[in-house]
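Visitor: Okay, here's the structure, questions in a sec.
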Amino acid sequence: MAQIGKAPCDNALILHGPHAQEGACAEASKPWVLAAAIVGSSMAFIDGTVVNVALPAIQAELRATAFQAQWVVESYALLLAALLLVGGALGDHFGRRRIFAIGVGIFAVASVACGLSGSVQQLIAARAVQGVGAALLVPGSLALISAAFPEKERGKAIGIWSGFSGITAAAGPVLGGFLVDHFSWAWAFLINVPMALLVLWIAWRHVPESRGSSASGGLDLVGALLATAGLGGIVYAFIEAPTQHWSSPAVLAALGIGIVGSAGFIAAERRARTPMLPLALLRIGNFSGANLLTLLLYAALGGGLYFFPLNLIQVQGYSATVAGAALLPFILIMFALSGWAGQLVDRFGPRLPLVIGPAIAAVGFALFAVPGVEASYWRGFFPAVVVLGFGMTVTVAPLTTTVMNAVGPEQAGVASGVNNAVSRAAAVLAIAVFGVVMAWAFDGALAQSLRGMGASPEATAFLEGERSKLAGAALPPGVDAATAAALKKAVAESFVAGFRWVMLLSAGLAVLSALSAWLMIGGGAAPAAGAAPDRHRTG
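Take the sequence shown: its letter number 524 is residue 524 in UniProt numbering, and every next letter is one higher.
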């Protein structure tokens, strides 16, 4: 047994394949690899949720405009989504442990810069650097697991990773609310520092190095630049379009860069000797099917749940901290059942859980469309949260396992980067598209309500100017109490009308994701230990 404080393996060991780690060294490193992956990725997941709770305090203290406050969140999301593919490829080429540790270090330094920011411009810049660090560490965490665990154990390990990472992400809004209320918004960022130091110590002392099959080839710099430009341009355009409109030169330019960059990326990968994204991967049925499922289901999840806290806070009257805790049952279910879910692929093969899970999630999304104004959480929203949580539990670990098993550990960084990029981009794009649906439904319902209640032309004109704020719309000044109450109810009911459209759209996307799994993902059980994955299965 390795002594405490001694590395169980030589930390300079370089691994190049699924059988490079053997014996006591490999066994001793497994729990350390899992611990580093969990704590490291948890930093990025927590940061993606905790800032939403801290944002009002940040805006007030730094005197930020609404546009600037929005970019505190979106500068992080944009860089993370745009660079995930690059992060996975860098890990495969230069060493997964090395790139993972660099990402953790960048994230920690940027977190300190966030906490010490004296202006909103400094904070936005620091958040963008955080996104760069997260893009290196997130795909690295899964790639380390894939390299350390043989295929027969990988599903359970990924299930444990997803469960612990998920519960820390859910704790983010609650923890953020507590820190903001009792200390300062800066602590929402500074809590990352001790976590980063722990991860760096574990990685240095106990995690062996590993590389992908492209380690001996050249780095696809052209592909990396084009992938970043393509994904970054499209994401930027969709983020900015709601505020600058699609006719804006900046939005049109970003969209053009995104389209040209994406087309150029495909063309470059066809010619590259060591491509960042080997296009042959897209011909693997399980890999392409799992990523299509990810696109559809995570669009539903990201787009739908973006509006859930707004409903709770602006319509139902909950506090931000309580609203952040509303999804805790979702995460507790994932945590409690993650180990079981991680073994579903081993027992039943990938197709069955990836059809049943999204189908259950679709029912959960549909249940969110039931509650109206002044709905009880326990009778209105709790059933939807529970059903959605169970559906995502059945889906997440098998989905991740399917992606990683489809390509094998040699290309684990690429596979992880692609799948993470798909999920992040899907959520960002869905929020923009769902926002259009929400605005359309809200405007129509509000106009109908104002006509039905015989609102004065002055009140109608005032609310016309406020409708872009949705449920946060201010009421006309000088109206009597009864009229104010009626207008407030009309605004709330109009938001609920839009919310129902959004959730039913999410349910439809979840159904389509289940259908994609049925048509594209193979139904056989996982191959025996040591067997090569079936890379030519088409479903």
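Even for Gly, the Cβ is constructed at its ideal location relative to N, Cα and C.
#1: Buried or exposed: where does residue 138 fall if 16 or more other Cβ atoms within 10 Å of its Cβ makes it buried?
#2: Smallest Cα separation from residue 308: which of 369, 459, 176?
#3: Tell me whether residue 416 is buried or exposed, calling it buried when 16 or more other Cβ atoms sit within 10 Å of its Cβ.
#4: With residue 352 as the anchor, note down where its alpha helix (DSSP H) starts and where it stops.
#5: Kindly list the residues whose CB is nearer than 6 Å to the CB of residue 509, restricted to its own chain and excluding five residues on each side of it in sequence; keep chain order.
#6: Between the C-alpha atoms of residue 175 and residue 329, what's the straight-line distance to the nearest angstrom?
#7: Classify residue 249 as buried or exposed, calling it buried when 16 or more other Cβ atoms lie within 10 Å of its own Cβ.
#8: The alpha helix (DSSP H) spanning residue 320 covers which residue range?
#9: Any Cβ of chain B within less than 8 Å of the Cβ of residue 256?
#10: DSSP three-state call for residue 374: helix, strand or coil?
#11: Closer than 7 Å by C-beta to residue 35: which residues in its own chain qualify, once you throw out the five before and the five after it? Chain order, please.
#12: How should residue 22 be labelled, buried or exposed, when 16 other C-beta atoms within 10 angstroms of its C-beta is the threshold for buried?
#13: Whose C-beta lies closer than 6 Å to the C-beta of residue 362 among residues of the same chain, with five residues either side of it excluded?
#14: The alpha helix (DSSP H) that contains residue 102, what's its start and end?
#15: On the criterion of 16 or more Cβ atoms from any shown chain inside 10 Å, does residue 554 qualify as buried, or is it exposed?
#16: Over the uninterrupted alpha helix (DSSP H) stretch that includes residue 521, give me the two end residues.
#17: Which class does residue 340 belong to by DSSP, given the choice of helix, strand or coil?
#18: Just how far apart, CA to CA, sit residue 194 and residue 423?
#19: Buried or exposed: where does residue 481 fall if 16 or more other Cβ atoms within 10 Å of its Cβ makes it buried?
#20: Measuring CB to CB, does residue 230 end up less than 8 Å from residue 256?
#21: Let me check understanding here. Comparing Cα to Cα, which of 343, 399, 437, 159 lies closest to residue 420?
#22: So, are the CB atoms of residue 342 and residue 397 less than 8 Å apart?
#23: Using a 10 Å radius around the Cβ and a threshold of 16 neighbouring Cβ atoms, would you call residue 117 buried or exposed?
#24: Work out the CA separation of residue 44 and residue 131 for me, nearest whole Å.
#25: Can you name the start and end residues of the alpha helix (DSSP H) that residue 401 belongs to?
#26: Distance check for residue 394 and residue 555, CA to CA, integer angstroms please.
#27: Beta-carbon separation of residue 235 and residue 428 under 8 Å?
#28: Could you tell me the distance, in whole angstroms, from the CA atom of residue 503 to the CA atom of residue 311?
#29: Between the alpha carbons of residue 265 and residue 87, how many angstroms are there, rounded?
#30: Helix, strand or coil: how does DSSP classify residue 316 here?
#31: Please go through the same chain and pick out, in chain order, the residues whose beta-carbon is closer than 6 Å to the beta-carbon of residue 186, but skip the five residues on each side of it.
#32: Do residue 292 and residue 520 have their CB atoms nearer than 8 Å?
#33: Let me know the secondary structure DSSP gives residue 453 once reduced to three states.
#34: How many Å lie between residue 550 and residue 389 at the Cα?
#35: Pull up the CB-CB distance for residue 144 and residue 96, whole angstroms please, since I reckon it's below 8 Å.
#36: Taking 8 Å as the threshold, find out whether the segment 371-386 comes into contact with the segment 45-59 through three or more Cβ pairs.
Guide: To lay it out plainly:
#1: buried
#2: 369
#3: buried
#4: 351-368
#5: 296, 299, 300
#6: 16 Å
#7: exposed
#8: 320-325
#9: Of the protein chains in this structure there is only one, and it is not chain B.
#10: coil
#11: 202
#12: With a pLDDT of 47 at residue 22, under the threshold of 50, the modelled position of this residue cannot be trusted, and the question is left open.
#13: 507, 510, 511
#14: 96-115
#15: Lying outside 1 to 539, the shown extent of the chain, residue 554 is not represented and no answer is given.
#16: Here residue 521 belongs to no alpha helix (DSSP H), and DSSP marks it neither H nor E.
#17: helix
#18: 28 Å
#19: exposed
#20: no
#21: 399
#22: yes
#23: buried
#24: 8 Å
#25: 382-407
#26: With the chain covering only 1 through 539, there is no way to say anything about residue 555.
#27: yes
#28: 12 Å
#29: 16 Å
#30: coil
#31: 115
#32: yes
#33: coil
#34: This structure cannot speak to residue 550, because the chain is shown only from 1 to 539.
#35: 5 Å
#36: no
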